[in-house]
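Peer 1: Counting in the numbering used here, the sequence shown runs from 1 upward without gaps.
We put the beta carbon where it would ideally sit given N, CA and C, even for glycine.
Right, I'll just put the structure down here and ask away after.
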Amino acid sequence: MSTVRLRLRDWPVYRVGLTGGIASGKSTVAGMFAALGIPVIDTDVIARQVVAPGTGGLTAVVNAFGPDVLLPDGSLDRRRLRDLAFATADSRRRLEAILHPLIAVEMETRSAGAGGPYQVLVVPLLIESGLNARVDRVLVVDCSESVQQTRLMVRDGETVAGVDRLLAAQLDRATRLQGADDVLVNSGTRDELRERVQALHNRYLQFAADPKQGA
């Protein structure tokens, strides 16, 4: 944990910020921490909720990107929005300017009521958004770009061009790794990954008892 985070710390429970590139396995890792009884606050879930029908977030998105981002039932067409938002850097920043403040407020609200020996906050854009200053430790789930490409094509049905666009829009891998306190390599079996999560869990319990240990 950096000295900046130590000075800014105003949250009662030790918090681990879990991040990683798209299709790196963040949700899988988060589920493993949850299975160990650790409260997990997933900002991807929050991001969907702040643009649910009837919310101010959805209204702001429609105002910024047009009514074509809505499905016939009035809900958000996420694939369409993603295509529009990732088309240019400006459009991506426009979407982030709408969503990030809404997500950050809800994240803090949920964290305040979640308790636990420590918490895992899943934030895909943890470093880019500056929310790494709001956690005690940064855990990056890492895998090669070739693995990301395969997962995106199989899981999401993305084309090669679509995958390249998504990867190009991300923080580059080297910069993300530089911002990590811990790196969890997700290139082996599920059992191997679970063992690594268990080892980190044991460390985080120690850090939670004395946050300065993780500094």
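#1: Can you tell me whether Thr-19 is helix, strand or coil according to DSSP?
#2: Go through the segment 125-162 residue by residue and report every complete run of the alpha helix (DSSP H) that reaches 4 residues or more, in order.
#3: By Cβ distance below 7 Å, which residues in the same chain neighbour Leu-171 in space, the five residues on each side in sequence not counted?
#4: Give a yes or no on whether the C-beta atoms belonging to Ile-46 and Gly-116 are separated by under 9 Å.
#5: Give the range of the beta strand (DSSP E) segment to which Asp-182 is assigned.
#6: Quick one: Cα of Glu-108 to Cα of Phe-65, how far?
#7: For the putative contact between Val-61 and Leu-76, defined by C-beta atoms under 8 Å, what is the C-beta separation to the nearest angstrom?
#8: DSSP three-state call for Asp-83: helix, strand or coil?
#9: Within the same chain, show all residues whose beta-carbon is closer than 7 Å to that of Val-147, passing over the 5 residues directly before and after it, in chain order.
#10: Quick one: Cα of Val-29 to Cα of Arg-203, how far?
#11: In this structure, what does DSSP give as the bridge partners for Val-45?
#12: Any idea if Gln-119 is buried or exposed, counting beta-carbon neighbours within 10 angstroms, 16 or more meaning buried?
#13: For Arg-15, tell me which candidate among Val-51, Glu-96, Arg-48, Ala-112 has the shortest Cα-Cα distance.
#14: Which residues in the same chain as Gln-206 place their Cβ atom closer than 7 Å to its Cβ, once the five residues preceding and following it in sequence are excluded?
#15: Contact check, Gly-57 vs Ile-22 under 8 Å by CB: the rounded distance?
#16: Alpha carbon to alpha carbon, how far is Gln-149 from Arg-134? Give it in angstroms, no decimals.
#17: Taking buried to mean at least 16 other C-beta atoms within 10 Å of its own C-beta, is Arg-7 buried or exposed?
#18: Between which two residues does the alpha helix (DSSP H) containing Val-62 stretch?
#19: Mapping DSSP to helix, strand and coil, what is Gln-119?
Peer 2: On the basis of the coordinates in this document:
#1: The answer is strand: DSSP assigns Thr-19 an E or B state.
#2: With a minimum length of 4 residues, the continuous alpha helix (DSSP H) runs that stay inside the segment 125-162 are 126-129, 145-156.
#3: Non-local beta-carbon contacts of Leu-171 in its own chain, meaning distances under 7 Å to residues more than five positions away in sequence, involve Ile-127, Glu-128 in chain order.
#4: No.
#5: From DSSP, the beta strand (DSSP E) with Asp-182 extends over 182-185.
#6: If you draw a straight line from the Cα of Glu-108 to the Cα of Phe-65, it is about 27 Å long.
#7: About 7 Å; that satisfies the 8 Å criterion.
#8: Of the three classes helix, strand and coil, the one that applies to Asp-83 here is helix, per DSSP.
#9: For Val-147, where only same-chain residues beyond five positions count, the Cβ hits under 7 Å are Ser-187.
#10: CA-CA distance, Val-29 to Arg-203, rounds to 16 Å.
#11: Assignment of beta-bridge partners to Val-45 by DSSP yields no partner.
#12: By the 10 Å Cβ count, Gln-119 comes out buried.
#13: Each of Val-51, Glu-96, Arg-48, Ala-112 was checked against the Cα of Arg-15, and the nearest Cα belongs to Ala-112.
#14: For Gln-206, where only same-chain residues beyond five positions count, the Cβ hits under 7 Å are Gln-213.
#15: Contact between Gly-57 and Ile-22 does not hold, since their C-beta atoms are separated by about 21 Å, which reaches or exceeds 8 Å.
#16: Rounded to whole angstroms, Arg-134 to Gln-149 spans 30 Å at the Cα level.
#17: Residue placement at Arg-7 is flagged as unreliable, the pLDDT there being 45, under the threshold of 50; the coordinate-derived value follows with that caveat. That one is exposed.
#18: Counting along the chain, the alpha helix (DSSP H) containing Val-62 begins and ends at 56-65.
#19: For Gln-119, the secondary structure class from DSSP, reduced to helix, strand or coil, is strand.
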